[in-house]
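In the numbering used here, the protein residues as written are 11 to 464. For each residue, glycine too, the CB sits at the ideal point set by N, CA and C. No experiment lies behind these values; they were computed from the predicted model shown. First comes the structure, then the notes that go with it.
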């Protein structure tokens with residue numbers, strides 16, 4: 011029979027262990043630092059993309075045909091030389107770093123202060139190049155790297171594990187990047203950690219609160235995409251909503267399959283070329299991205315957040331092939347090997363699907379279909395439907411759409427699972443196999459220069 015808790019005894023234990031409180035203060039300080047790093051990264055990304063748009067509008071935009079390929083090649087060269095572990099999204103790296111079989115040197119290939127600083131710098135240059143990347147996935151690796159550094163202050167008997175610090179840091183990164191604290195908690199449970207220790211839950215919430223406070227202090231308590239006005243949804247919205255969810259499920263599944271294949275070695279011939287001439291491959295990819303951007307009057311450059319805002323406001327003037335071209339630009343940006351995420355571009359692609367369906371069906375609930383498309387495509391790509399619909403709900407202040415967002419995300423994720431394996435899990439397993447297959451001396455040497463990401 012379970013004993014009732016003894017309040018006085020528990021109080022003595024809680025306040026009698028001074029080192030436990032020192033550890034907690036250290037964790038809280040690192041959580042605040044992680045939030046500040048994400049805030050700084052946000053500022054860097056926004057300013058860098060503003061500078062790119064000035065370059066794009068100079069001389070009719072033709073300068074980007076030289077600027078984007080050259081800068082993309084330079085980013086890939088710098089990433090491969092100094093911080094290979096900073097390449098790609100960052101979420102697979104944090105998932106891989108939780109593997110208990112890794113030693114400290116191997117784990118440093120996935121998360122470290124050096125990688126966090128490199129991620130901010132190199133991804134900032136990615137925005138300056140106009141690549142179709144997001145900052146939300148990288149924010150996970152940035153915050154996790156900062157939080158994990160706290161481990162060096164704890165003794166072997168500490169109850170705070172590397173796993174708990176990584177999950178708390180990753181969750182704080184998502185919460186601060188999207189200004190969506192609830193999404194941070196769900197992301198920690200659904201994507202980063204399939205099992206959550208009860209003692210780690212308080213650490214995660216504390217990290218999210220402090221990181222979120224840093225974001226609110228810098229940017230205010232604002233919704234990412236403002237507040238959408240949605241009329242009452244009736245049964246007339248059922249058919250358009252199903253069309254959006256199914257379309258996003260198929261497209262998102264194909265996107266995840268394409269990403270996983272191209273980043274793990276297939277198609278073999280093209281990836282041999284990529285491995286043999288990575289800088290030239292990056293320049294060629296940058297050139298294609300620049301051409302696509304020019305063909306869409308700049309709509310496919312960057313994360314796509316402004317395009318989403320225009321769509322939600324009913325002010326979008328997008329090319330007919332926006333979804334297809336944004337899809338290609340985002341895939342190429344990831345494939346060439348630059349640091350950058352796919353969360354925000356995925357939201358933009360999904361919004362484009364919802365926008366197209368509303369135009370074809372003449373629906374008067376376009377904002378609702380756009381929001382459903384955002385949740386559905388992100389859920390299809392990540393196969394994390396709870397995280398996807400909560401992120402969108404918090405970003406557009408769409409609490410009145412909870413059921414429709416949830417249904418769209420669940421249906422799209424179900425369709426995606428029939429097409430592709432989970433993207434982040436596939437990439438994390440691939441990176442782990444690369445590290446663990448190395449002979450010990452090579453692994454230790456490579457740990458000084460963290461490994462390639464997604």
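Under the three-state DSSP convention, the category residue 456 falls into: Indexing the chain shown from 1 puts residue 456 at position 446. Annotation note: pLDDT 49 at residue 456 (below 50); position unreliable, coordinate value reported separately. Judged by DSSP in its simplified three-state form, residue 456 adopts helix.
Beta strand (DSSP E) runs contained entirely in the segment 109-138, provided each spans 3 or more residues: Listed in chain order, nothing qualifies, since the segment 109-138 has no complete beta strand (DSSP E) run of 3 or more residues.
Nearest-angstrom Cα separation, counted from residue 388 out to residue 146: If you number the chain shown from 1, residue 146 lands on position 136. If you number the chain shown from 1, residue 388 lands on position 378. CA-to-CA, the gap between residue 146 and residue 388 works out to about 12 Å.
Best match in 171, 149, 102, 359 for proximity to residue 468 [C-alpha to C-alpha]: Outside the displayed span of the chain (11 to 464) sits residue 468, for which this structure offers no information.
Where the alpha helix (DSSP H) through residue 444 begins and ends: Mapped onto the chain shown, residue 444 falls at position 434. Looking at the DSSP string, the run of the alpha helix (DSSP H) that includes residue 444 is 433-446.
Bounding residues of the alpha helix (DSSP H) (the contiguous stretch that carries residue 341): Taking the first residue of the chain shown as position 1, residue 341 is located at position 331. Here the alpha helix (DSSP H) through residue 341 covers 332-345.
4 or more residues per run - each alpha helix (DSSP H) lying fully within the segment 24-111: If we require 4 residues or more, the alpha helix (DSSP H) runs fully inside the segment 24-111 come out as 28-67, 74-92, 101-107.
Residue 465 vs residue 289 beta-carbon contact at 8 Å: This structure cannot speak to residue 465, because the chain is shown only from 11 to 464.
Straight-line Cα distance separating residue 260 from residue 428: Position 418 of the chain shown holds residue 428. Position 250 of the chain shown holds residue 260. Roughly 9 Å separates the two Cα atoms.
Residue 395 (DSSP reduced to helix, strand or coil): Taking the first residue of the chain shown as 1, we reach residue 395 at position 385. Three-state DSSP puts residue 395 in a helix.
Own chain partners of residue 347 with C-beta closer than 6 Å, once the 5 adjacent residues on each side are dropped: As a working mapping, residue 347 is identified with position 337 in the chain shown. Beyond the five residues adjoining it in sequence on each side, residue 347 comes within less than 6 Å, by CB distance, of 86, 97 in the same chain, given in chain order.
Outcome for residue 57 when other beta-carbon atoms lying within 10 angstroms are tallied against a minimum of 16: Translated into positions along the chain shown, residue 57 becomes position 47. Taking all protein chains shown into account, residue 57 has fewer than 16 neighbouring C-beta atoms within 10 Å of its C-beta and is therefore exposed.
Unbroken alpha helix (DSSP H) run spanning residue 315, endpoints: Position 305 of the chain shown, counted from the start, is the residue given in the question as residue 315. Judged by DSSP secondary structure, residue 315 falls within the alpha helix (DSSP H) whose first and last residues are 315-322.
Whole-number beta carbon distance between residue 352 and residue 194, since they are thought to touch under 8 Å: Reading the chain shown from its first residue, position 184 is the one you call residue 194. Reading the chain shown from its first residue, position 342 is the one you call residue 352. Incorrect: roughly 18 Å between the Cβ atoms, too far for contact.
Endpoints, alpha helix (DSSP H) assigned at residue 189: Locating residue 189 in the chain shown gives position 179, counting from the first residue. Unbroken run through residue 189: none, as it is neither H nor E.
For residue 230, three-class secondary structure by DSSP: Along the chain shown, read from residue 1 onward, the residue named residue 230 stands at position 220. DSSP, read as helix, strand or coil, puts residue 230 in coil.
Same chain, Cβ closer than 7 Å to residue 106, neighbours up to 5 away in sequence not counted: On the chain shown, residue 106 is found 96 positions in, with the first residue counted as 1. The beta carbon of residue 106 is closer than 7 Å to those of 120, 438, 441, 442 in its chain, skipping five residues each way along the sequence.
Spatially closest choice to residue 310 from 407, 383, 323, 357, by CA coordinates: By one-based count along the chain shown, residue 310 stands at place 300. Closest option to residue 310, judged by alpha-carbon separation, among 407, 383, 323, 357: 357.
Cβ pair count under 8 Å reaching 3, the segment 208-223 against the segment 35-49: Yes: at least three Cβ pairs fall under 8 Å.
Rounded C-alpha distance that separates residue 33 from residue 135: One-based indexing of the chain shown puts residue 33 at position 23. One-based indexing of the chain shown puts residue 135 at position 125. About 36 Å.
Of the residues 113, 139, 401, 89, the one placed nearest residue 124, counting alpha carbons only: By 1-based counting over the chain shown, the position of residue 124 is 114. Nearest option by C-alpha distance: 89.
C-beta atoms of residue 296 and residue 42 nearer than 8 Å: By 1-based counting over the chain shown, the position of residue 296 is 286. By 1-based counting over the chain shown, the position of residue 42 is 32. At least 8 Å separates the beta-carbon of residue 296 from that of residue 42.
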